[in-house]
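Input: a single structure, listed below in structure tokens.
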Amino acid sequence: MALTKKFQASVASVALTFLLTAVALPAFAGDHGDEVFPMKADVFQQKVEARIAKHKAHLEQRITDGKLDASKAKEMRDRFDARTAKIRAAVATAVQDGTVTKEEAHAVREAGGGHGHHRHPQK
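Sequence positions in the sequence shown follow mature numbering (1 follows the signal peptide of the UniProt record, and there is no 0) and run -29 to -1, 1 to 94.
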């Protein structure tokens, strides 16, 4: 049973990491083709906040569906909140001049953990 809990924790951790790295993705024209840069700061900020809200709802659904105990749920929420704080700080920097360039949008993505590619530790 301990292996099962470890496996569940590992799967939940990987899922959360993937979820969090996707938070900042809506603002990258080269990757999705529907955004044009430079972008107005308020539009960019709204897109990022909408994405955060969507992923927060998804996180809560995963917690509910997975019937995670309170401590694991708190850990996942805390990690999500820490990552979104980094994203929001990067957004605040990007929107200071009223527009967001593609390079600034990429900086926001990196603050959120990049593209979501899982990096394996080197042996």
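Think of the CB as a built atom: it goes at the ideal place given N, C-alpha and C, for glycine as much as any other residue.
**OP:** Going by CA-CA distance only, name the one from Q17, M47 and R22 that's closest to E31.
**Re:** If we check each option's Cα against that of E31, M47 comes out closest.
Original post:
Under 9 Å between the Cβ atoms of G85 and R54?
Top reply: Result no, Cβ atoms of G85 and R54 do not sit closer than 9 Å.
Original post:
Does the separation of the CB atoms of V79 and M10 fall below 9 Å?
Top reply: Not a contact, by the Cβ cut-off of 9 Å.
**OP:** Give the secondary structure of T72 by DSSP, where H, G and I count as helix, E and B as strand, and everything else as coil.
**Re:** Correct three-state label for T72: coil.
Original post:
Where do the N-terminal and C-terminal ends of the alpha helix (DSSP H) with V19 fall, by residue?
Top reply: In the DSSP assignment, V19 falls within the unbroken alpha helix (DSSP H) covering A12 to D36.
**OP:** Could you name the residues of the same chain whose beta carbon sits closer than 6 Å to that of T35, not counting the 5 residues immediately before and after it, in chain order?
**Re:** The answer is none, since no qualifying residue turns up.
**OP:** Kindly indicate which three-state DSSP category H3 falls into: helix, strand or coil?
**Re:** Bear in mind that the predicted position of H3 carries a pLDDT of just 48, short of 50, making it unreliable; the figure below should be weighed with that in mind. In the three-state scheme derived from DSSP, where H, G and I count as helix and E and B as strand, H3 is classed as helix.
Original post:
On the three-state DSSP scale, how would you describe F51?
Top reply: Note: F51 maps to helix in three-state DSSP.
Original post:
Hey, how far is the Cα of V14 from the Cα of D40?
Top reply: Annotation: V14 to D40 spans about 37 Å, alpha carbon to alpha carbon.
Subject >> Which of helix, strand or coil DSSP assigns to V66 >> reply: DSSP, read as helix, strand or coil, puts V66 in coil.
Subject >> Closest by C-alpha distance to K45, when choosing among K27, K57 and F8 >> reply: Ranking K27, K57 and F8 by Cα distance to K45 puts K27 first.
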